[in-house]
Every structure is written in C-alpha cells, then in structure tokens.
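Per this note's numbering, numbering of the sequence shown is gapless, rising by one per residue and ending at 428.
Glycine included, every Cβ here is placed at the ideal spot set by N, Cα and C.
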Amino acid sequence: MKLRTDKSADALKRAEALMPGGVSSPVRAFKAVGGQPLFIASGSGSKIRDIDGNSFLDYVMSWGPLILGHAHPAVVEAVRKALEGGASFGAPTVREIELAERVTAAMPWIEQLRFVNSGTEATMSAIRLARAATGRPGVIKFEGCYHGHVDALLVKAGSGAMTFGAPSSPGVPEDTVRHTHIVPFNDLEAVRRTLDASASEIAAVILEPVVGNMGCIPPGEGFLKGLAELCERQGVLLVLDEVMTGFRVARGGAAERYGIRPDLVTLGKVIGGGLPVGAYGGRRDLMQLVSPVGPVYQAGTLSGNPLAMAAGIATLDLLSAAGTYERLEAISQQLEQGLVNAAAEAGVAVRVQGVGSMLSLFFTDQPVTDCASALRCDTERFGRFFRGMLERGVYLPPSQFEAWFVSLAHSEEDIACTVQAAREALKQTV
Ligand SMILES: Cc1ncc(COP(=O)(O)O)c(C=O)c1O
-1 MKLRTDKSAD ALKRAEALMP GGVSSPVRAF KAVGGQPLFI ASGSGSKIRD IDGNSFLDYV
59 MSWGPLILGH AHPAVVEAVR KALEGGASFG APTVREIELA ERVTAAMPWI EQLRFVNSGT
119 EATMSAIRLA RAATGRPGVI KFEGCYHGHV DALLVKAGSG AMTFGAPSSP GVPEDTVRHT
179 HIVPFNDLEA VRRTLDASAS EIAAVILEPV VGNMGCIPPG EGFLKGLAEL CERQGVLLVL
239 DEVMTGFRVA RGGAAERYGI RPDLVTLGKV IGGGLPVGAY GGRRDLMQLV SPVGPVYQAG
299 TLSGNPLAMA AGIATLDLLS AAGTYERLEA ISQQLEQGLV NAAAEAGVAV RVQGVGSMLS
359 LFFTDQPVTD CASALRCDTE RFGRFFRGML ERGVYLPPSQ FEAWFVSLAH SEEDIACTVQ
419 AAREALKQTV
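Set out below in structure tokens:
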C-alpha cells in the first residue's frame, strides 16, 4: 500500500520551522528508520489515523501509557467529568488520595508516594531522596537503561539517546555525572565489584527491572533478587524504575512479577492513563524525608492535577478486573509466536523477546541481554522492516531500541493482521 503523506509532509515543514526536528521528543522524528514522521489526528482502540487519512494498528500506544487502548470510553468520561469541575487548583484533591490508594494496594512496598508530572521528574526526585537519605552521592546505573533526561542519569542511556548514537549528552557537566557508576545490565558481578570498591559512596542502584529502552530485555534468572540482596548487604537503596513496567508486566509491576521488594519505586505512563503523570514512592521512613514533612525539597505546579488523577483512577480500576493481565499476556504471546513463525518462514534471523505486554523483534540471531548485544543488531534492516510494516498499516516504535506495547484493545484479528504484515515485510528486508 502506498501511503498518502502530503499533509504530514506539509505539517512537518511548518513544525520544523518552529520546533527542533518538528517534534516535541526526538524518537518521534523517524530519524532512526528513515522517512518522515506522520502527524496523528486521532486514535480509537488499537488504531490511530494520521492527517492524510491513513489508518494504522498501533504498537507505540503513546510509549506505554495506553494499556486500555486509545480513547477508552471510561477514561474519556472520567477526564471530561474532571475537566468540567476545574482543570487544576494547586491544592489537595480527593482524586490524589484515590489514585494513591489504588497504587499502594497493588504495590504494598510503596507505603507513601508523591505525584509528579513525568517519569523524568520521578527518577530525578527519587535519586535526590536516596542521596539525602544515605548522605552518599553515588548512583549505580546500567548501560542502556533510560530513566528520562535527568542530567545525572543521562550517561550511557538507552531509548532515543541510544537510537541517535549519543547515549550521553553535551550540556551535562562532567561534575554532574562524576558520581554515576555505569555497569552492564544483567551483570551482577560488575555490581558486586563496584559496590566492593565504593559502597560507602553509593546511595542507590537504579534500573529498569525489565528493560524497554534498549528494546525489550528481561532480567536474567536471579538477577533482580541478587541485586536486592547486594543492596541490602551494603546499605544501598534499590530504586526500581517502573515507569514503563508498573501496572504493565503485572499489576504490581516487575517487583511483583519477580518477587523483590524495592526501597523506592518510580512510576509514570500507565498510572496516568495517557495524561502527563509520574510518581515516586516507597518506604515510609524514606518518604517522610520529603518536604513539607522532611527537608528534601520537591514540588510541582500541576502535580496531582485532577485530569491526570481521573484518567489514572479509571485506568487502574479497569485493570483490576479479574483475568485482565492473563488476557494481555495471552494476546502478547500470540503476537510473539506469530512473529517467530513469520521470521522462520521468511528465512530471516531474528530474536523476539517479550515480558508481559512489552516485546521487541531484534535483527540478530543471538540473545539480547545487555547494551553490547543490543548494539549488534542490524538497525538498517530494522529500518526496512519498519517502513514495510508502515506501508502495510502497522505503526511500530520507530527504533530498533524501543519496546512494542500491546494493549487490551488489540484483538486476535489485529494480531493476525500484524503477523501477516510481518511475514511480507520481513521477506522484503532480505
Ligand atoms: C523506564 C523509564 N523511566 C523514565 C522515563 C521518563 O519518563 P518521561 O518520558 O515521562 O519523562 C521513561 C520514558 O520512556 C522510561 O521508559
């Protein structure tokens, strides 16, 4: 199918004159896959429509928040009702309590939390809190994990940073990252060595428990439990960045799925149901250090705003229905298996890796377990595959190093169409 792109091309020209790359976040510009970004007009369920009238099955799902699909009627109604009552007050509202109750019920290791406006704010604040609580400056971060564009964490970061071959950014002073220690993902020995050498300087270990920002990389057997034990032994705080995995790989996130108890957790995406939101929380004694109870300052004009809270409450309520995660898992499994079969038929060596409703198709024949193995993937080939899928009406994340997101709105028929498109598009990459 030849896509109509005249209106998107015009829009890009207008946007590029006003915004760097014409976008509000880098990966959206399609630079890693070639071609031009499409401007989206609307979404409903599993599908989006662009301003030229092309319709696509969507696996970006706003990069994870839309676990119910686009414009779910319950979320639309909840946000409409909230908006009619006033968009923001900068004062406490009961919806904040209601969302906090739902989060802490699903994740009992979060005894208290603070709402913010993005995942970046959540990780930035959690690191500040960990440093204040321990009186230590250091942070251990894993190569290829992305925690938002926090200065201290923008070192060897994944996602867009990795996509554009600049995993560390100019503008971040050496001094700011002096205390950031980088180790390979899934390498417990490297963490042990770093802690043995400098535990008394390390406040926290932060990680994506299931990585989404190098493509989907599961933690190896025993990795998370081993990490939790190492942290406990050395008095170092374990910060699980569940911005992507929270309410996604299980209701209680990766901590539930892998049976670990973090000291602090960061959240975003799903808990805002598609509106801008983030949160950080964890042990009560740590959270009691946050202002106004404690001295660790952190604030936000729009934090906990009624619209985001309403969308989050509606989303989490629907997710709490019995069998929801089993259904998500089953449909995602169907997609993973379909992609494996399609690649075998096309004679293309790929690895399909997934956890829950996150997955990636890597153009490599080796397991992808860390940043080094992710970087061995054939990104040119991914670009051809991406464009082939787009022409067949499937909108994938425009980078080899991003996870695809399956939602409850994706039907078996959607999956069958996606697999058929993949069968054809993979052949074209040969
Ligand atoms: C694991 C993780 N942490 C933090 C962030 C940053 O969140 P935000 O883009 O809302 O600032 C992201 C964004 O993709 C993420 O995937």
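Asked	Found
TYR256, DSSP secondary structure in three states	helix
Per-residue burial, TYR295 [other beta carbons within 10 Å of its own, 16 or more giving buried]	exposed
C-alpha gap between ALA340 and VAL346, whole angstroms	9 Å
Terminal residues of the alpha helix (DSSP H) in which ALA277 lies	Premise fails: ALA277 lies in the beta strand (DSSP E), 276 to 280, not in any alpha helix (DSSP H).
At least 3 beta-carbon pairs within less than 8 Å: the stretch 254 to 265 vs the stretch 50 to 66	no
Buried versus exposed, by CB contacts within 10 Å (16 or more), THR299	exposed
Neighbourhood of ligand 1 [Cβ distance below 5 Å to any heavy atom], ordered by chain position	SER116, GLY117, THR118, HIS145, GLY146, GLU206, ASP239, VAL241, MET242 and GLY266
Proximity winner among LYS45, VAL268, MET285 and GLU206, relative to TYR256 (alpha-carbon distances)	GLU206
Rounded separation between ASP149 and PHE140 - CA only	15 Å
GLN110 in three-state terms, based on DSSP	strand
Segment contact flag, the stretch 318 to 333 with the stretch 167 to 179, C-beta cutoff 8 Å, min 3 pairs	no
C-alpha gap between PRO90 and ASN303, whole angstroms	9 Å
Coarse secondary structure for PHE361, derived from DSSP in three states	coil
Cβ-based neighbour list, ALA248, same chain, cut-off 7 Å, excluding 5 preceding and 5 following	GLU254, ARG255, TYR323 and GLY354
Validate contact between the stretch 228 to 237 and the stretch 370 to 381 using beta carbons, cut 8 Å, 3 pairs	no
Beta-carbon gap between ALA309 and LEU265 smaller than 7 Å	no
Cβ pair LYS267, PRO63 closer than 7 Å	yes
Enclosing beta strand (DSSP E) for SER40 [first to last residue]	38 to 42
The stretch 209 to 222 contacting the stretch 180 to 187, beta-carbon criterion three pairs below 8 Å	yes
Buried or exposed by the 16-neighbour rule on C-beta atoms within 10 Å, applied to SER53	exposed
Alpha-carbon to alpha-carbon, ALA197 and ARG47	51 Å
Presumed contact (8 Å Cβ cut-off) between HIS145 and ILE204, rounded CB distance	6 Å
Within the stretch 332 to 396, ranges of the alpha helix (DSSP H) (whole runs, at least 4 residues)	369 to 373 and 377 to 389
Separation of ALA195 from LEU314, as counted between CA atoms	42 Å
PHE399 in three-state terms, based on DSSP	coil
Three-state secondary structure assigned by DSSP to LYS45	strand
DSSP three-state assignment for ALA0, whether helix, strand or coil	Just to set this straight, residue 0 is Lys in the shown sequence, not Ala. Looking at LYS0 - three-state DSSP - the assignment turns out to be coil, as it is neither helix nor strand.
Those residues which DSSP pairs with THR178 across a bridge	VAL137
With 16 other Cβ atoms within 10 Å as the buried cut-off, status of LYS154	buried
Local conformation of THR427 per DSSP, three classes	coil
Beta carbon of ARG349 nearer than 7 Å to that of THR367	no
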